[in-house]
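A.B. asks:
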Amino acid sequence: MIRTFVIAAALAASPAAAATYLPVGPQLNVAVGTVTGGGWSLCYSATMATIFGSSASVALSDCAGDRLLVAGRETGSGTLLVLAQALKTDVLFNTGAANNGTTNIANGTGWYNADNWSFGFVPAGETPNKNECDTASGIGRLCIHTLTFTGGYRINDIQGLNDSSAYEKLVFTSSGGAVVPEPASWAMLIAGFGLVGAVARRRRAATAA
Numbered sequence: 013m014i015r016t017f018v019i020a021a022a023l024a025a026s027p028a029a030a031a032t033y034l035p036v037g038p039q040l041n042v043a044v045g046t047v048t049g050g051g052w053s054l055c056y057s058a059t060m061a062t063i064f065g066s067s068a069s070v071a072l073s074d075c076a077g078d079r080l081l082v083a084g085r086e087t088g089s090g091t092l093l094v095l096a097q098a099l100k101t102d103v104l105f106n107t108g109a110a111n112n113g114t115t116n117i118a119n120g121t122g123w124y125n126a127d128n129w130s131f132g133f134v135p136a137g138e139t140p141n142k143n144e145c146d147t148a149s150g151i152g153r154l155c156i157h158t159l160t161f162t163g164g165y166r167i168n169d170i171q172g173l174n175d176s177s178a179y180e181k182l183v184f185t186s187s188g189g190a191v192v193p194e195p196a197s198w199a200m201l202i203a204g205f206g207l208v209g210a211v212a213r214r215r216r217a218a219t220a221a
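Quick note: the sequence shown uses this note's numbering, first residue 13, plus one each step.
1. When every heavy atom of the ligand ZN is checked, does at least one fall within less than 8 Å of the C-beta of residue 78?
2. When you compare the CB positions of residue 167 and residue 85, do they come within less than 9 Å of one another, or not?
3. To the nearest whole angstrom, what separates the beta carbons of residue 175 and residue 61, a pair I think is in contact under 8 Å?
4. Can you check whether the CB of residue 147 is closer than 9 Å to the CB of residue 171?
5. Return the first residue and the last residue of the beta strand (DSSP E) that residue 30 is part of.
6. Evaluate contact between the stretch 92-102 and the stretch 32-40, counting only Cβ atoms and requiring at least three cross-stretch pairs below 8 Å.
7. Could you name the residues of the same chain whose beta carbon sits closer than 7 Å to that of residue 54, not counting the 5 residues immediately before and after it, in chain order?
8. Should residue 115 be labelled buried (16 or more other beta-carbon atoms within 10 Å of its own) or exposed?
9. Given a threshold of 16 other Cβ atoms within 10 Å of its Cβ, counted over all protein chains shown, does residue 240 qualify as buried or as exposed?
10. Taking the alpha-carbon positions, what's the residue 152 to residue 83 distance?
11. Please check the pair residue 143 and residue 111, which I expect to be a contact at CB under 8 Å, by giving their CB distance rounded to whole angstroms.
12. Please tell me whether residue 72 and residue 56 are closer than 9 Å, where the distance is taken between their beta carbons.
13. How many Å lie between residue 78 and residue 31 at the Cα?
14. As a quick exercise: from 177, 145 and 44, pick the residue whose alpha carbon is nearest that of residue 89.
15. Using the rule of at least 16 other Cβ atoms within 10 Å of the residue's Cβ for burial, across every protein chain shown, is residue 70 buried or exposed?
Here is the structure:
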């Protein structure tokens with residue numbers, strides 16, 4: 013009984029379960045159910061015509077997990093045309109508001125982000141033409157203006173979506189860490205097993221007497 017209680021208490025103090033769908037690099041044509049069934053929760057969605065705002069960090073403030081999955085699709089579709097995921101700190105890393113092709117490589121994806129400029133990704137090893145959004149050709153790319161006067165901009169090679177309500181941008185969030193007890197929980201677990209051992213020793217001593 014003591015052992016059961018200790019294990020249950022330790023697991024109750026553990027973090028939430030991690031995502032099981034953790035693709036590396038941009039992915040094409042993925043079912044929404046694959047994402048949500050893989051431990052991700054939708055935390056932002058809007059048409060491409062909707063103004064994102066001047067800061068991705070502010071726009072995605074409701075995305076509380078330690079990982080973000082950024083995607084684009086035809087509005088209401090059950091298939092995401094393109095997506096990529098990484099740690100939130102990597103996705104939102106400031107790469108500068110200049111057309112210098114700078115990206116932050118994380119999980120097989122080149123991420124870029126700057127207030128009053130643009131936010132998005134390209135496949136790792138490829139270079140965006142950030143003016144302000146990425147205008148280079150190619151798939152596996154997504155770009156959103158971080159401007160206060162326009163929406164957009166691209167999903168894969170479909171560009172010029174500033175006024176489009178036919179396409180939308182989505183962001184999902186999830187925990188990405190392994191499910192392990194916190195240090196305090198481990199201490200409780202170890203102490204509990206020690207207590208179980210002490211009880212067992214006393215019982216053996218009493219039987220021997």
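Idealized CB from N, CA, C, for every residue including glycine.
Owing to the predicted nature of the structure, the values given are computational and were not obtained by experimental measurement.
C.D. replies: In brief:
1. No copy of the ligand ZN occurs in the structure displayed, which carries no ligand at all.
2. Yes, they are a contact pair.
3. Contact annotation, residue 175 with residue 61: C-beta distance approximately 5 Å; criterion of less than 8 Å satisfied.
4. By the CB criterion at 9 Å, residue 171 and residue 147 fall inside the cutoff.
5. Per DSSP, residue 30 lies in no beta strand (DSSP E) segment and is marked neither H nor E.
6. Here the stretch 92-102 makes contact with the stretch 32-40; the two share three or more CB pairs at distances below 8 Å.
7. Hits under 7 Å: 182 and 184.
8. By the neighbour-count rule (16 or more Cβ atoms within 10 Å), residue 115 is buried.
9. Shown here, the chain extends from 13 to 221; a query on residue 240 therefore has no answer.
10. Rounded to whole angstroms, the gap between the alpha carbons of residue 152 and residue 83 is 10 Å.
11. Under the criterion of beta carbons closer than 8 Å, residue 143 and residue 111 qualify as touching, at roughly 5 Å.
12. For the pair residue 72 and residue 56, the CB atoms are nearer than the 9 Å cut-off.
13. Rounded to whole angstroms, residue 78 to residue 31 spans 11 Å at the Cα level.
14. Measuring from the Cα of residue 89, the nearest candidate turns out to be 44.
15. The C-beta of residue 70 has fewer than 16 other C-beta atoms within 10 Å across all chains shown, which makes the residue exposed.
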